[in-house]
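Below is one structure, written out as structure tokens; comments come after it.
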Amino acid sequence: MSFTHKIDEWMKEAETRPESAVTIVKLVTRRLRELTERNEELMTENIALQNGTRVEEYQKRIAHLEYQLDLLKRRFGADDSLLAELPATSIETSTLSLLIYQTMVRFGEPGLASAMSVLYMIVIGVIALLIDLAMRRLQRTLTPWRQS
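Reading the sequence shown from the start, the letters are residues 92 to 239 in the numbering used here.
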């Protein structure tokens, strides 16, 4: 539905029910303000792109990321040919504990690895609790004469 079609509908609504005109004007005013704010944001972004300030900012970010990549290569003594030879291990074939280990060691994220391991322990605990409850219930149904 096009915007001009909506305007026609609103005009008909205001003609048939004049009391709804105030509500329609409020809705249109609110939408016009939102669009004006978004237009200002886009104009600012466009000016920044035309002036080259955004381009320079992105170039600085890229240079910083390349610098960090070089530092990591030097830290681990790897060059591009060695990185290309590394086997790509799929996450689907690795266990969760190995994924946590790789997060800590390979990617250098101790906080994330800690959070993952705590969550892993909670899930294992819940699974163990469910298995224990199921085993107790099964034991009670198999030996009805022993009440505990």
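For glycine and all other residues, C-beta sits at the position ideal for the given N, C-alpha and C. What you are looking at is a predicted structure, and each value in this text was computed from that prediction instead of being measured.
| Query | Result |
| --- | --- |
| Reference residue 204, options 213, 104 and 190, closest by Cα | 190 |
| Per-residue DSSP class, three states only, for residue 199 | coil |
| Residue 148 - containing alpha helix (DSSP H), residue span | 144-167 |
| For residue 119 and residue 182, the rounded distance between their alpha carbons | Residue placement at residue 182 is poorly supported in this model, since its pLDDT is 45, which falls under 50; the coordinates still yield a value, given next. Taking the straight line from one Cα to the other gives about 51 Å. |
| Pair within 8 Å by beta-carbon distance, residue 187 and residue 211 | yes |
| Distance, residue 223 Cα to residue 214 Cα | 14 Å |
| Integer-rounded CB distance, given that residue 115 should sit under 8 Å from residue 104 | 7 Å |
| Proximity below 8 Å, CB of residue 154 to CB of residue 145 | no |
| C-alpha distance - residue 126 paired with residue 136, whole-angstrom precision | 15 Å |
| Inter-residue Cα distance where the pair is residue 157 and residue 201 | 23 Å |
| Three-state secondary structure assigned by DSSP to residue 234 | coil |
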